[in-house]
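Asks: Just passing along the structure, written as structure tokens.
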């Protein structure tokens with residue numbers, strides 16, 4: 012009795028009785044025996060059909076041996092000079108069984124070399140039965156070599172040692188990319204359960220700040236300007252430090268009428284397809300400081316304060332016109348432990364290269380390095396800022412730190428985002444419903460405070476409310 016691996020590929024050659032062959036003139040009972048043997052051989056093959064022995068053929072026409080740590084040899088001993096290389100195509104996985112070490116797996120590295128009567132097969136990604144990296148054991152008999160039945164299989168289909176994980180099976184690559192952008196599942200579902208991850212990634216997740224990222228800035232895309240889409244020195248609404256500008260944003264300048272502010276089209280025409288609009292500042296003079304800020308109140312700021320980490324990001328460019336242009340900018344995150352700090356976060360402006368002093372009630376929590384602004388839209392960020400757990404209100408502040416520009420030079424901002432965590436995520440213009448109402452209350456209060464901006468007409472209040480709800484996507 013023998014197995015399939017011992018049968019000849021040539022039909023007429025299967026006559027050897029010792030290999031369950033069927034020579035001419037067999038007795039009827041012998042034929043019955045052979046059929047039963049064939050049935051048994053097929054059944055045994057079926058139970059391990061993924062691996063096929065292509066060399067242990069009829070009459071032992073090949074022998075197997077180890078050449079070195081990465082190579083085995085198939086030798087034709089039948090005298091016919093048969094080249095066995097074609098049975099081991101590049102990329103195929105093989106299973107080698109050694110007398111003592113047992114099973115070793117490997118992937119065929121390139122086309123085997125042949126010098127009659129030897130075909131030498133080089134292997135890569137060699138692992139043992141536990142998928143640990145190894146080499147072909149020395150001084151041991153190689154009993155068999157079996158080829159994966161699908162022949163050419165991508166290496167990625169097999170579990171192997173990863174260069175970054177050091178574990179098997181290889182980890183899902185996207186887990187490494189999630190970083191701080193996931194929600195830990197504490198048992199209630201809806202998140203990633205660290206207890207179900209492998210040891211390495213469980214520790215990785217548990218050591219991270221795990222949170223859902225969300226933009227906490229209202230009108231971060233500068234879409235809504237319910238008081239008009241431009242604020243200039245000649246408008247009724249005074250261009251002055253501390254006044255409201257684009258909805259929920261506040262002007263910060265070192266004096267009155269330093270810049271003109273407007274909403275301008277962005278999009279594909281301005282090489283910024285992510286956004287429809289941008290916020291533009293046009294210099295009236297040549298040496299002034301200015302920017303914009305937004306206060307994030309208690310209801311909205313809780314997720315950041317409880318997490319303890321925050322990131323601020325925005326897109327910016329300057330004009331490509333004459334002069335040295337506006338080429339320097341900063342951003343900062345402020346916090347306040349006061350219940351109602353002033354909307355104007357700047358107390359005293361410093362000289363170029365020196366950060367402004369915060370207004371009474373505000374503390375600078377984190378400040379960016381100097382950003383070099385060019386005529387090309389670029390995303391800038393201040394990341395991994397530690398927020399004290401005593402903070403009640405937060406503020407995002409973006410400003411020009413440049414006094415070497417010309418009148419009429421421009422500074423444009425788009426896609427401002429304040430979010431929880433240690434790293435920035437893609438921009439989103441969304442708020443929680445409760446946060447929207449809180450932000451709307453601030454917007455309405457500013458509308459009444461800005462005496463020359465709006466009358467106390469209920470239509471103005473409702474217009475502001477609807478605009479803020481539209482920003483959040485709650486109304487169309």
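In the numbering used here, the protein residues as written are 12 to 487. Just so it is clear, CB atoms sit at the ideal spot from N, CA and C, and this is done for glycine as well. The structure displayed is predicted, hence computed values, not measured ones.
According to DSSP, is residue 310 helix, strand or coil?
Replies: Here residue 310 is taken as the residue at index 299 of the chain shown, counted from 1. The answer is helix: DSSP assigns residue 310 an H, G or I state.
Asks: Counting only runs of 3+ residues fully inside the region 319-387, write out the beta strand (DSSP E) ranges in chain order.
Replies: 320-329, 339-347, 357-359, 374-378
Asks: Grab me the residues of residue 399's own chain with a C-beta within less than 6 Å of its C-beta, minus the 5 sequence neighbours each way, in chain order.
Replies: Locating residue 399 in the chain shown gives position 388, counting from the first residue. The answer is none, since no qualifying residue turns up.
Asks: Smallest Cα separation from residue 78: which of 410, 130, 95?
Replies: The count along the chain shown starts at 1 and reaches residue 78 at position 67. Checked all of 410, 130, 95; the closest Cα to residue 78 is 130.
Asks: For residue 141, which option in 371, 147, 114, 125 has the closest C-alpha, if you only look at C-alpha atoms?
Replies: As a working note, residue 141 is residue 130 in the chain shown. Residue 141 has its Cα closest to that of 114, out of 371, 147, 114, 125.
Asks: Helix, strand or coil for residue 317, going by three-state DSSP, please let me know.
Replies: Numbered from its first residue, the chain shown carries residue 317 at position 306. It is helical.
Asks: Determine the extent of the beta strand (DSSP E) in which residue 147 is found, giving its start and end residues.
Replies: The sequence position of residue 147 within the chain shown is 136, counting from 1. No beta strand (DSSP E) contains residue 147, which DSSP labels as neither H nor E.
Asks: Take residue 150 as the anchor and find which of 135, 110, 289 has the nearest alpha-carbon.
Replies: For this step, residue 150 is matched to residue 139 along the chain shown. Here the closest residue by C-alpha is 110.
Asks: Can you confirm whether the region 377-397 touches the region 290-301 when touching is taken to mean that 3 or more C-beta pairs between the two stretches lie within less than 8 Å?
Replies: no
Asks: Could you give the residue range of the beta strand (DSSP E) that holds residue 29?
Replies: What you label residue 29 is simply residue 18 of the chain shown in a count that begins at 1. Note, residue 29: premise wrong, no beta strand (DSSP E); not H, not E.
Asks: Between the region 93-105 and the region 30-49, are three or more C-beta pairs nearer than 8 Å?
Replies: For the pair of segments examined, the region 93-105 was found not to touch the region 30-49: the number of CB pairs separated by less than 8 Å stays below three.
Asks: With C-beta atoms as the reference, is residue 407 less than 8 Å away from residue 429?
Replies: Looking up residue 407 in the chain shown gives position 396. Looking up residue 429 in the chain shown gives position 418. Yes, the Cβ-Cβ distance between residue 407 and residue 429 is below 8 Å.
Asks: Just list the beta strand (DSSP E) runs in the region 89-122, keeping only unbroken ones of 3 residues or longer that don't cross its boundaries, in chain order.
Replies: 103-109, 113-119
Asks: Is residue 42 helix, strand or coil by DSSP?
Replies: Working through the chain shown from its first residue, we reach residue 42 at position 31. Helix, per DSSP.
Asks: Pick helix, strand or coil for residue 53, following the three-state DSSP scheme.
Replies: In the chain shown, counting from the first residue as 1, residue 53 sits at position 42. Looking at residue 53 - three-state DSSP - the assignment turns out to be helix.
Asks: If I follow the unbroken beta strand (DSSP E) through residue 63, where does it start and stop?
Replies: Sequence index remark: in the chain shown, residue 63 carries index 52 (1-based). Note, residue 63: beta strand (DSSP E), 62-64.
Asks: Given residue 363, which residues of its chain have a CB within under 7 Å of its CB, disregarding the five upstream and five downstream residues?
Replies: Reading the chain shown from its first residue, position 352 is the one you call residue 363. 412, 413, 414, listed in sequence order.
Asks: Report the CB separation of residue 83 from residue 132 in whole angstroms; it is logged as a contact under 8 Å.
Replies: In the chain shown, counting from the first residue as 1, residue 83 sits at position 72. In the chain shown, counting from the first residue as 1, residue 132 sits at position 121. The Cβ separation is near 6 Å, so the contact holds.
Asks: Between the beta-carbon of residue 137 and the beta-carbon of residue 94, is there less than 8 Å?
Replies: In the chain shown, residue 137 corresponds to position 126, counting from 1. In the chain shown, residue 94 corresponds to position 83, counting from 1. Taking 8 Å as the Cβ cut-off, residue 137 and residue 94 do not qualify as a contacting pair.
Asks: Starting from the C-beta of residue 116, find all residues in its chain whose C-beta is less than 6 Å away, skip the five residues before and the five after it, and write them out in chain order.
Replies: Here the question's residue 116 lines up with position 105 in the chain shown. Cβ neighbours of residue 116 within its own chain (closer than 6 Å, five residues either side excluded): 106, 138.
Asks: Can you tell which of 379, 264, 26, 380 has the C-alpha that lies nearest to the C-alpha of residue 303?
Replies: On the chain shown, position 292 is the one that residue 303 refers to. Here the closest residue by C-alpha is 264.
Asks: Just to confirm before moving on: does the CB-CB distance between residue 322 and residue 379 stay below 8 Å?
Replies: Residue numbering aside, residue 322 sits at position 311 when the chain shown is read from its first letter. Residue numbering aside, residue 379 sits at position 368 when the chain shown is read from its first letter. Cβ atoms of residue 322 and residue 379: not closer than 8 Å.
Asks: Where residue 466 and residue 434 are concerned, what is the direct C-alpha to C-alpha distance, given to the nearest angstrom?
Replies: Here residue 466 refers to the residue found at position 455 when the chain shown is read from its first residue. Here residue 434 refers to the residue found at position 423 when the chain shown is read from its first residue. Annotation note: pLDDT 46 at residue 466 (below 50); position unreliable, coordinate value reported separately. Distance between the alpha carbons of residue 466 and residue 434: 42 Å.
Asks: Between residue 347 and residue 404, how many whole angstroms is the CB-CB distance? I'm expecting something under 8 Å.
Replies: Working through the chain shown from its first residue, we reach residue 347 at position 336. Working through the chain shown from its first residue, we reach residue 404 at position 393. Correct: roughly 4 Å between the Cβ atoms.
Asks: Residues in the same chain with beta-carbon distance under 6 Å from residue 459, minus the five sequence neighbours each way, listed in chain order, please.
Replies: Against the chain shown, residue 459 aligns to sequence position 448. With a pLDDT of 45 at residue 459, under the threshold of 50, the predicted position of this residue should be treated as unreliable, though the coordinate-derived value follows. Nothing listed; no residue qualifies.
Asks: Would you check whether the ligand GDP has a heavy atom nearer than 7 Å to the C-beta of residue 319?
Replies: In the structure on display, the ligand GDP does not appear, and there are no ligands present to speak of.
Asks: Go through its chain and collect everything with a Cβ distance to residue 241's Cβ below 8 Å, but skip five positions before and after it.
Replies: Walking along the chain shown from the start, residue 241 turns up at place 230. Correct list, in chain order: 271, 272, 273, 274.
Asks: If I follow the unbroken beta strand (DSSP E) through residue 284, where does it start and stop?
Replies: For the purposes of this step, residue 284 is taken as residue 273 along the chain shown, with counting starting at 1. That run of the beta strand (DSSP E) goes 283-294.
Asks: In the DSSP output, what is residue 389 paired with across the bridge?
Replies: Residue numbering aside, residue 389 sits at position 378 when the chain shown is read from its first letter. According to DSSP, which records beta bridges pairwise, residue 389 is partnered with 327.
Asks: Taking a contact to mean a Cβ-Cβ separation below 8 Å, would you say residue 431 touches residue 300 in this structure?
Replies: On the chain shown, residue 431 is found 420 positions in, with the first residue counted as 1. On the chain shown, residue 300 is found 289 positions in, with the first residue counted as 1. It is not a contact, given that the beta carbons lie outside the stated cut-off.
Asks: Span of the beta strand (DSSP E) holding residue 432?
Replies: Along the chain shown, read from residue 1 onward, the residue named residue 432 stands at position 421. Unbroken run through residue 432: none, as it is neither H nor E.
Asks: Are residue 286 and residue 427 close, meaning C-beta to C-beta below 8 Å?
Replies: The residue given as residue 286 occupies position 275 in the chain shown. The residue given as residue 427 occupies position 416 in the chain shown. No. Outside cutoff.
Asks: Give the single residue among 376, 356, 360 whose Cα lies nearest to the Cα of residue 254.
Replies: Against the chain shown, residue 254 aligns to sequence position 243. The candidate whose alpha carbon is nearest that of residue 254 is 356.
Asks: Smallest Cα separation from residue 366: which of 354, 381, 372?
Replies: Indexing the chain shown from 1 puts residue 366 at position 355. Looking from the CA of residue 366, the closest CA among 354, 381, 372 belongs to 381.
Asks: Looking only at C-alpha atoms, which of 313, 123, 354 sits nearest to residue 262?
Replies: Walking along the chain shown from the start, residue 262 turns up at place 251. The option with the nearest alpha carbon to residue 262 is 354.
Asks: With DSSP collapsed to three states, give me the class of residue 238.
Replies: As a position in the chain shown, residue 238 is number 227, starting the count at 1. DSSP places residue 238 in coil when its eight states are reduced to three.
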